[in-house]
Amino acid sequence: MTTKCPVCDSENIEIKKDYRKLTVPFAESVLQEISVCHCKDCLSDILLDSEPKKIVQSRMLERAKESVPALLKKVNDNGYSDSRLERALSLAPHTINRWKQGVQLSAAAIALSRFMSILPELTLAAEAGFNEAYARKAIVKKTLDKIAAMSSAAKSFYVNTDSFSAFGVVAMNNVENTENSGLANFAQPALLEV
């Protein structure tokens, strides 16, 4: 056990137990217990010890697994049923249901659940056989439709030609009357080749 400050060699120290908050994406954070040497003379705080990394990683994995049902529910709420996801991703029947029950959850299943909850439109790419050109068009169109539905201040536009060639978002919320809106100084949206 430390009896002197590692910085100034003072014996006027205090050993404190503290916690480090570790973020788990889309799940509750995990706390890692740590021991800190606090020197009352030089005011240094030196990390002495912490819970073993394996134990903390195990708790983080458990939290990640616990988040999967909520992530997949979010995908379902966006109109993508379990069976549709399974067909699109060539998964065995009832795989999504097993994941929701916490069975057969791998790191890949957790990662896929996270991606699908952020952008459920990825299912469209899988359904199109991962045809990149089609997938880009479908995902952009679906995303712009969602933006337009979220706010009456944002209007989406897209040009549908033989090859989908332009898209953008125009803010329509009294921008001309609001100098501090952050949008007042934006130039017209540029056309993007997709």
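Numbering (the numbering used here), first residue to last: 2 to 195. By construction, the Cβ of each residue, glycine as well, lies at the ideal position given by its N, Cα and C atoms. Model, not experiment: these values are computed from the prediction.
Close-in-space but distant-in-sequence residues of the same chain around residue i (CB under 8 Å, 5 per side omitted)
i	result
D163	Residue placement at D163 is poorly supported in this model, since its pLDDT is 49, which falls under 50; the coordinates still yield a value, given next. Excluding sequence neighbours, D163 sits near nothing in its chain.
N13	C6, C40, K41 and D42
A93	E87
Check whether residue i and residue j have beta carbons under 9 Å apart
i	j	result
E67	A28	yes
T144	L86	no
S118	K147	no
CA nearest to the CA of residue i, picked from the options
i	options	result
S11	S36, L23, I119 and S45	S45
G130	L62, S118, A89 and I97	A89
P26	L62, P7 and S84	L62
E15	K22, K41, W100 and T96	K41
C9	V141, E34, R115 and C38	C38
Min CB distance residue i to chain C below 9 Å
i	result
Y20	In the displayed structure, chain C is absent; only one protein chain is listed.
Extent of the continuous alpha helix (DSSP H) to which residue i belongs
i	result
V57	K54 to D78
Residues near residue i by beta carbon distance below 7 Å, same chain, minus five either side
i	result
R60	V31
L106	K66, V69 and W100
K22	S30 and L32
R115	P26, F27 and L72
I97	L73, D83, L86 and E87
L1	Given a span of 2 to 195 for the chain in the structure shown, any question on residue 1 remains unanswerable.
Start-to-end residues for the beta strand (DSSP E) that takes in residue i
i	result
S36	V31 to C40
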